[in-house]
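In the working numbering, the protein residues as written are 112 to 536. Reading through the structure tokens given below for one structure.
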Ligand SMILES: [Zn+2]
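Next comes the structure, spelled out in structure tokens:
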């Protein structure tokens, strides 16, 4: 027997008996029935018990027992449902809804130009929103904690709630975030690396805090409140100061084994290429994001190269030049569009999503998302004769990111209250 074969035999023979994938007893698809019932009610808004039993393929008796427990615990309530189109006489139909006042959570997004926050109730309805402008650039942790607390106090005051009325806070920052541990490995809003941000903010606020990457939060916002509610597999690509991506796989955010997956902006599109903010070269982001366009604009259009010049103003200027027919300005957008097409075609070839949502504040820079970009993308997707996935552009409101952060907090609160290891009473 060769040494290699012996090694192979040793590796294959050791370890756990049996064969086939070893799946943990509580995988995401095997949530407790009461949690499935609660989440189905929240997704529906209002739903009668019979329909609930039908949709979850469980007996009406189980639904009656479990919904009674959920009502007893104060999570659900009975509501007189509006009559159907047929009108009908007799007893009004009774439906179940989430008891909105049972819990409140906050969603906060910290970013380069402004911090935003929302408060939503247990049914996911927004109660209040707030935004604070800030000077761009990285902050020390102490300053960031101060800003977070000020913002939270202001949005709580708007909602008429005390901070102690909140059950959790979802927090989003740009950069490399390990969601399960709450550690931010790198972020343009933080001066330090490897900051245990969730623990630090939780210590300051006295509330449970969950941190995630901002692109994941936009994706959560689409999954909870947008077009993603009806889709099982879709991608969201955010194009702002950086280039981010979130991916939903079987109705859940996919984060990778170490919580750092889906960094589309740092996939390489050029060997020894342009320098990226992450310190490496040839990243997609270094050709497509705001700062890449600004860098090119300053050179090509001979625009003032001052630190104080706002990125937004420079981009507006570039856009105006392109619209006025300036060939250099047009070619900058066109080139960025080609790189974007390259990145998107890679996403399609890897994941085959049903829909790609291009999400950003300034999606009106239509040169970047022009027909040519989509045609270029299609040309790089494997040719199977089928139509390529749909691509939609969504310009977002200021509070969308914070909304996604609130969804993260709601998800965690629900898991904590109704997950496997908890008793209701
Ligand atoms: Zn990079």
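Every residue gets a Cβ at the ideal spot worked out from N, C-alpha and C, and that includes glycine. Given the structure is predicted, the values throughout are model-derived calculations rather than measurements.
Rounded C-alpha distance that separates residue i from residue j
| i | j | result |
| --- | --- | --- |
| residue 469 | residue 220 | 19 angstroms |
| residue 360 | residue 169 | 25 angstroms |
| residue 460 | residue 276 | 46 angstroms |
| residue 318 | residue 309 | 10 angstroms |
| residue 263 | residue 133 | 43 angstroms |
| residue 148 | residue 490 | 44 angstroms |
| residue 186 | residue 389 | 44 angstroms |
| residue 340 | residue 379 | 31 angstroms |
| residue 272 | residue 212 | 11 angstroms |
| residue 445 | residue 487 | 11 angstroms |
| residue 321 | residue 234 | 19 angstroms |
| residue 449 | residue 289 | 31 angstroms |
| residue 430 | residue 440 | 7 angstroms |
| residue 306 | residue 295 | 5 angstroms |
| residue 248 | residue 285 | 12 angstroms |
| residue 177 | residue 208 | 14 angstroms |
| residue 256 | residue 205 | 46 angstroms |
| residue 410 | residue 438 | 14 angstroms |
| residue 315 | residue 254 | 12 angstroms |
| residue 518 | residue 454 | 28 angstroms |
| residue 303 | residue 242 | 24 angstroms |
| residue 174 | residue 159 | 10 angstroms |
| residue 336 | residue 157 | 16 angstroms |
| residue 395 | residue 376 | 5 angstroms |
| residue 406 | residue 397 | 10 angstroms |
| residue 504 | residue 481 | 11 angstroms |
| residue 433 | residue 153 | 47 angstroms |
| residue 530 | residue 171 | 22 angstroms |
| residue 404 | residue 349 | 15 angstroms |
| residue 496 | residue 483 | 20 angstroms |
| residue 346 | residue 130 | 34 angstroms |
| residue 428 | residue 421 | 11 angstroms |
| residue 128 | residue 443 | 59 angstroms |
| residue 258 | residue 494 | 50 angstroms |
| residue 539 | residue 471 | The question about residue 539 has no answer here: the residues shown for the chain are numbered 112 through 536. |
| residue 456 | residue 150 | 34 angstroms |
CA nearest to the CA of residue i, picked from the options
| i | options | result |
| --- | --- | --- |
| residue 423 | 351, 172 and 376 | 351 |
| residue 217 | 269, 174, 248 and 383 | 269 |
| residue 267 | 365, 231 and 248 | 231 |
| residue 362 | 376, 331 and 406 | 331 |
| residue 425 | 504, 408, 387 and 223 | 408 |
| residue 384 | 399, 374 and 370 | 399 |
| residue 279 | 511, 229 and 432 | 229 |
| residue 54 | 164, 259, 215 and 155 | Missing from the structure shown is residue 54; the chain here goes from 112 to 536 and no further. |
| residue 393 | 287, 381 and 401 | 381 |
| residue 462 | 260, 297 and 365 | 365 |
Status (buried if at least 16 other CB within 10 Å, exposed otherwise) for residue i
| i | result |
| --- | --- |
| residue 536 | The predicted position of residue 536 is uncertain, since its pLDDT is 42 and thus under 50; no value can be drawn from it. |
| residue 464 | buried |
| residue 227 | buried |
| residue 161 | exposed |
| residue 524 | buried |
| residue 196 | Because residue 196 carries a pLDDT of 48, less than 50, the predicted location of this residue cannot be relied on, and the following value inherits that uncertainty. Residue 196 comes out exposed. |
| residue 413 | exposed |
| residue 367 | exposed |
| residue 313 | buried |
| residue 501 | exposed |
| residue 343 | exposed |
| residue 387 | buried |
| residue 327 | buried |
| residue 179 | exposed |
| residue 391 | exposed |
| residue 333 | buried |
| residue 117 | Only weak support is given to the placement of residue 117: the predicted model assigns it a pLDDT of 49, under 50, and the question is left unresolved by the model. |
| residue 145 | buried |
| residue 324 | buried |
| residue 293 | buried |
| residue 189 | exposed |
| residue 246 | exposed |
Contact with chain D by residue i, beta-carbon distance below 7 angstroms
| i | result |
| --- | --- |
| residue 392 | Checking the listed chains, one finds no chain D in this structure; it contains a single protein chain. |
Run of the alpha helix (DSSP H) containing residue i, from where it starts to where it stops
| i | result |
| --- | --- |
| residue 374 | From DSSP, residue 374 is part of no alpha helix (DSSP H); its letter is neither H nor E. |
| residue 442 | 438-462 |
| residue 221 | No alpha helix (DSSP H) contains residue 221, which is instead part of the beta strand (DSSP E) from 215-221. |
| residue 148 | 144-155 |
| residue 513 | 511-529 |
Continuous beta strand (DSSP E) stretch holding residue i: start and end
| i | result |
| --- | --- |
| residue 227 | 225-232 |
| residue 431 | Not the beta strand (DSSP E): residue 431 falls in the alpha helix (DSSP H), residues 422-434. |
| residue 237 | 237-244 |
| residue 391 | No beta strand (DSSP E) contains residue 391, which DSSP labels as neither H nor E. |
| residue 354 | 354-360 |
| residue 188 | 187-191 |
Residue i CB to nearest heavy atom of ligand 3 below 6 angstroms
| i | result |
| --- | --- |
| residue 162 | Ligands displayed in this structure: ligand 1; ligand 3 is not among them. |
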